[in-house]
Structure formats: C-alpha cells, structure tokens
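First up is the structure itself, then whatever we jot down about it.
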Amino acid sequence: MGRGAASAGRPGERTGRLRLVCESCGTEGGRRAKDRYARRHFIQGLTQARLGDTTAAVRHYQRALEAAPKAPALLSALADAQAAQGDFSTALYHARRARRFGDSTEARYPRRLARLYRQAGQPAQAAETYRALLARFPDDRRVLRSLARLHTEAGRPRKALDAYERLGERSSLAPAVLTEMLALYRQTSDAAGIERTLQALIQQAPERNEHRRALARFYRQQERPQKAVAPLERALEHDPTDADAAALLNETYRAAGRPEKAAALEKRFRFDAATATADQLAGRARTRYQSDETETAERLLERALEKDSVHAEALALLGQLRFEAGAFAEAADVLERALAQDPRAPTRWTRAAQAFLKAGRPARAATVAEEGLLLFPGRLPLLRAHATALMRDGQHAGAIRRFEEALRVMKADGLLDGTAHAEQAARFHDALARLYDRQSAPDEARRHRQQARSLRKRLRTAVSD
C-alpha cells in the first residue's frame with residue numbers, strides 16, 4: 006500500500022524540504038540534529054509504507070513531525086499512509102497542511118489533497134480543489150483529466166466533456182482519452198462530438214478498422230448512407246479481408262441506391278467453407294460469434310481446426326465458447342493448447358486460469374496464472390486469478406502476497422482514486438482479512454476489514470450523491 010507515500014518526491018527533494026523547515030531551530034548543531042532525526046524517521050516511514058506496513062510508517066512519520074512539523078512532503082506521506090488505513094479524516098487534515106506549507110508554485114500537494122477527497126467519498130470538495138488548481142495552473146493536464154473523471158463518476162457527462170475539451174485545446178489527446186470522450190458524447194447524444202471524436206480516433210490509429218466501421222454505423226444511424234460509404238471503402242483498402250466492413254458496405258451500398266456495387270461486392274466476398282483457409286474460417290467464426298450466432302461459429306471453428314489443428318485464434322475462440330457454455334474442463338484444455346501456439350495474449354492466460362479454477366483444478370490454475378505473469382507482470386486480472394487460485398489451493402502466504410500486489414497496482418494506476426473499482430478493491434481486502442485470520446494475524450485481518458468497510462462506505466456515499 007506504500008507507493009503513494011513513497012512518491013512524495015526524489016530523495017534530494019525530500020531531505021531538502023526537511024532542512025528548510027529546521028533552519029529556524031536554535032543553534033546550528035541543534036538544527037543539524039533535528040534534521041538528521043527527521044530525515045531518518047521519514048526514510049524509515051517511506052520504507053515501511055513501500056513494504057505495506059502502514060502502521061509502522063505512520064509511527065515513523067509522526068516522530069519525524071516532532072522535528073519538522075511543517076514539512077509538506079512529510080505531511081503528504083503521512084496523509085497517504087493514514088488514507089491507506091482508512092483514516093480519511095486525519096489523512097485529509099494532514100493533506101490540507103501539506104497544501105498550506107507546500108510551495109505555492111507547485112501543484113503536487115493540492116493534487117494529492119483532491120485525490121484524497123475522492124478516495125474519502127467527498128466529490129464536491131475534490132471538484133472544488135481541482136477548480137482552484139486550474140485557476141492557478143490552467144494547463145495542468147493531470148488536473149483536467151482527474152476533474153473529467155470525477156465528473157464522469159458523478160454522472161455529470163457534460164461537465165466531464167468540458168474538462169476533456171479544455172484538455173484537447175492544449176495538446177493532442179491520447180486514444181484512451183478520446184475513447185472516454187466518445188462514450189460521454191454518446192451518453193449526451195452529441196452527434197457532432199461523436200463524429201469529431203471518431204474521426205480523431207481514425208487519424209490516431211489508421212491501422213485499426215474498428216473506428217472506421219463505427220463511423221460508418223454512426224452515419225447509417227443518422228440516415229446518411231452516402232457518407233458511410235467512404236470510411237468503409239477505406240477500411241477494405243486497408244484490409245481487403247475485413248468481412249465485417251464488407252458486410253456493412255454491402256448494406257450501405259443498397260441503402261445508398263447503388264445495387265450494382267452491392268452485387269459486385271457480394272460476389273467478391275462470397276464465402277465457400279469447403280475451400281476457405283483456416284484463417285478465413287476463424288475470421289468468419291469470430292464475426293458469427295460477435296453476432297451471437299454461437300452454433301455457427303463453433304461449426305466454423307471445428308472446420309478450421311480440421312485444416313490446421315494448432316490454429317491459435319481458432320483454439321482461443323473455441324475455448325471461449327466452451328467456457329461460456331459451462332464446459333470448463335474442456336475450455337481449459339483448449340485454451341492451454343491456444344497458449345502453447347501463441348502466448349502473447351494476456352486475456353487468454355487469464356481465461357485459461359479461470360477455466361482451470363472453475364474445473365476444480367486450483368493448483369493448475371495457479372501455475373497458468375503465474376506463467377502469464379512472467380510474460381505480463383503487473384496485469385491486474387492475472388494477479389487476481391493467481392491470488393484466487395493460490396487461496397483455493399491452500400497456499401495462503403502466496404495468496405496474501407498476490408492480493409497485496411494487486412492492491413499496490415490498483416493504487417499506482419490511480420484505480421483507487423474514484424469509485425469505479427472500489428468494490429473490487431474491497432473484495433481483495435475481504436480476502437486478505439480471511440487469509441490473515443488463517444495465518445493467526447488478527448491485527449492485519451482487522452485492518453483489512455476496516456479498509457473494506459471504508460471503500461464500501463465511499464461507494465455508498467458516491468451513489469447517494
């Protein structure tokens with residue numbers, strides 16, 4: 006739980022701020038002694054926080070505060086550790102002091118205060134803090150994005166879009182941000198925003214046809230079939246085997262009054278399963294699967310595997326179909342075969358581990374998840390699958406390490422700042438509480454139960470707001 010505390014700045018910056026606070030102390034020798042005392046306990050606190058022992062971290066920070074009561078980096082680290090314990094009232098008090106004593110030309114401490122308000126389930130105070138920050142730092146991208154996410158979580162899509170649009174005025178937007186904006190424009194039925202964002206996504210990722218198809222579908226919904234033709238034709242220029250784009254273009258040609266074009270396209274893409282390659286069969290199966298035609302998809306996959314028994318895509322999709330049908334043992338076997346051919350898909354590792362778990366083979370599930378984590382370290386779904394498998398296999402110490410690692414990843418990725426992942430984090434804390442009970446560690450179990458309660462309280466507060 007200690008990454009937040011450990012991110013208070015570079016070591017030179019931390020100790021420098023502590024020395025500045027102590028310069029008003031008595032003699033030079035006294036100043037140096039207090040400075041050494043404060044720095045020693047601060048560093049020990051950071052170390053304990055990084056190891057996940059927030060109780061020890063708080064104790065060291067409080068000792069450091071005796072010598073440096075106005076050090077903003079120290080106050081901020083203490084606030085992070087107390088928030089990790091679920092003590093948001095005290096954490097916010099120290100975060101406000103860090104903002105007060107911090108350098109007024111820097112945004113870091115007000116940003117952290119706003120983040121703690123979000124974690125504490127106080128979105129109004131978080132929004133107010135972000136707005137005050139933007140008045141001083143109008144180009145701060147992190148603040149604008151955090152404010153947009155805060156408004157999204159609170160169900161205020163228009164305000165979220167205002168923040169994102171301000172962000173876009175200052176620099177180009179990443180595809181992940183554009184995707185978030187697209188969902189908000191759809192939520193607000195903003196046709197111009199949808200069109201503009203899809204065009205931006207196409208420009209940023211011209212190799213991906215999904216955005217061209219989405220733009221064409223948008224034009225079709227707007228009853229503008231002539232406009233829908235161009236992105237679909239470009240999609241087929243980019244990938245002549247894109248069956249989804251071809252099918253949509255066929256419909257669009259007919260809607261646009263161009264039946265001869267539709268007939269020519271239909272002839273070009275007429276599918277013959279007997280002569281199709283394994284790649285073509287697997288691609289057609291995925292299209293049928295996406296259209297909920299699972300029986301047809303399964304038949305096509307079986308034909309693909311008759312032609313190529315180690316076709317990775319066909320094996321992976323067949324494993325997914327078996328999993329969804331509840332045939333977990335068979336799904337696990339097929340997915341493992343897919344991984345043997347192509348191990349570069351993290352979701353495949355996760356699904357295989359889940360299949361082994363549901364098939365009643367937790368030890369094998371743990372092995373598969375661990376192998377996946379060697380290739381994709383820090384992937385949250387794999388961490389969750391590995392921790393769960395270890396727990397069910399009775400490997401309690403290993404499960405504790407993995408659940409705690411998963412929580413550290415969530416914290417580092419900012420997933421604990423809002424409410425979207427609060428329930429998942431609470432379930433991790435519940436599992437840790439049970440595991441520590443089995444390890445005869447009641448204090449740790451109690452701490453994790455308190456954390457789970459705090460997260461669910463924040464979730465209830467956000468819903469009621």
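In this note's numbering, the protein residues as written are 6 to 470. Ideal placement from N, C-alpha and C gives every residue a C-beta, glycine not left out. Note that this is a predicted model, so its numbers are computed, not measured.
Nearest to Gln87 by alpha-carbon distance, out of Tyr66, Gly107 and Ala76, is Tyr66. At a cut-off of 3 residues, not a single continuous stretch assigned as beta strand (DSSP E) sits fully inside the stretch 234-319. Scanning Asp167, Ser176 and Arg175 for the CA closest to the CA of Thr193 turns up Asp167.
Cβ neighbours of Thr301 within its own chain (closer than 6 Å, five residues either side excluded): Arg293.
With a minimum length of 4 residues, the unbroken runs of alpha helix (DSSP H) contained wholly in the stretch 336-377 fall at 351-363.
Taking the CA atoms as reference points, Asp277 sits about 19 Å from His316. In this structure, Ala427 sits near Leu464, with a CB-CB distance shorter than 9 Å. Look at Gly160 here: in three-state DSSP terms it is coil, with no helix or strand label. When Glu242, Ala267, Gly262 and Pro447 are compared, the shortest CA-CA separation from Leu253 is found for Ala267. Three or more beta-carbon pairs drawn from the stretch 206-224 and the stretch 236-255 are found closer than 8 Å, and the two stretches are therefore classed as touching.
In the DSSP annotation of this structure, the continuous segment of the alpha helix (DSSP H) that includes Lys416 starts and ends at His401 to Ala417.
Take the alpha-carbon of Lys363 and the one of Ala374: they are about 14 Å apart.
If the five residues before and after Leu138 are omitted, its C-beta is found closer than 8 Å to the C-beta atoms of Ala112, Pro115, Arg116, Ala119, Asp145 and Val148, all from its own chain and listed in chain order. Taking a cut-off of 8 Å for Cβ pairs, the stretch 78-95 and the stretch 58-65 touch, as three or more such pairs fall below it. Listed in chain order, the non-local C-beta contacts of Gln456 below 7 Å within the same chain comprise Gly91 and His434, local neighbours out to five positions each way being set aside. Under the three-state reduction of DSSP output, Lys75 falls in the coil class, being neither helix nor strand. Excluding the 5 residues flanking it on each side, Ala368 has same chain C-beta neighbours closer than 6 Å at Asp398, in chain order. Residue range Ala427 to Arg443 is occupied by the alpha helix (DSSP H) that includes Asp442.
Thr193 carries a coil assignment under DSSP once its states are collapsed to helix, strand and coil.
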